[in-house]
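A.B. asks:
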Amino acid sequence: MARRISLLAQKNAPLRLGFSDGELSVSAQTPDVGEAHETMPVAFSGEPFEIGFNPEFLRDGLESVESGEVLIRLTSPLRPGLIESGDGSGFVYLVMPIRLGT
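Each residue of the sequence shown is one higher than the one before, starting from 0 at the first, in numbering that gives the first Met the number 0.
Here it is, written out as structure tokens:
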């Protein structure tokens, strides 16, 4: 899903991840090109928030996980996130967020 949506994230446009109870929405928007938006169920609970990442850096981390399960650990929209393998292999990838405009 991140790969499909990031095709529209050109000219340094961030890939937006919106988390709410049990759901992740991934979107990208580039003027003069278009926008894309997809949702999927995830194991998330807490205060809803939105965070942005460079699409290439996020994809690199997600595609490096060899197991079928991926854990994304986030504390706030302005702090780095960790991408981990869900199989306990010890894989950890640090990804820095992009400050989102309104």
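Every residue gets a Cβ at the ideal spot worked out from N, C-alpha and C, and that includes glycine.
Going along the chain, which residues of its own chain have a beta-carbon closer than 7 angstroms to the beta-carbon of Ala12, five neighbours each way excluded?
C.D. replies: On the sequence shown, residue 12 is found 13 positions in, with the first residue counted as 1. Correct list, in chain order: Ala27, Gln28, Thr29.
A.B. asks: Are Phe56 and Leu16 close, meaning C-beta to C-beta below 9 angstroms?
C.D. replies: Here residue 56 refers to the residue found at position 57 when the sequence shown is read from its first residue. Here residue 16 refers to the residue found at position 17 when the sequence shown is read from its first residue. Against a cut-off of 9 angstroms, the Cβ pair of Leu16 and Phe56 comes out as no contact.
A.B. asks: How is the alpha helix (DSSP H) around Glu62 delimited, first residue to last?
C.D. replies: On the sequence shown, residue 62 is found 63 positions in, with the first residue counted as 1. Looking at the DSSP string, the run of the alpha helix (DSSP H) that includes Glu62 is 54-63.
A.B. asks: Mapping the DSSP letters down to three states, classify Val94 as helix, strand or coil.
C.D. replies: By 1-based counting over the sequence shown, the position of residue 94 is 95. Note: Val94 maps to strand in three-state DSSP.
A.B. asks: Looking only at DSSP bridge pairs, what is Thr38 linked to?
C.D. replies: Sequence index remark: in the sequence shown, residue 38 carries index 39 (1-based). Partner(s): Ser24.
A.B. asks: Looking at the structure shown, is Glu46 part of a helix, part of a strand, or coil, going by DSSP?
C.D. replies: As a first step, residue 46 is located in the sequence shown; it is residue number 47 there, counting from the start. Of the three classes helix, strand and coil, the one that applies to Glu46 here is coil, per DSSP.
A.B. asks: Taking the continuous beta strand (DSSP E) assigned at Ser75, which residues delimit it?
C.D. replies: By one-based count along the sequence shown, residue 75 stands at place 76. Ser75 -> no beta strand (DSSP E), and no H or E assigned at all.
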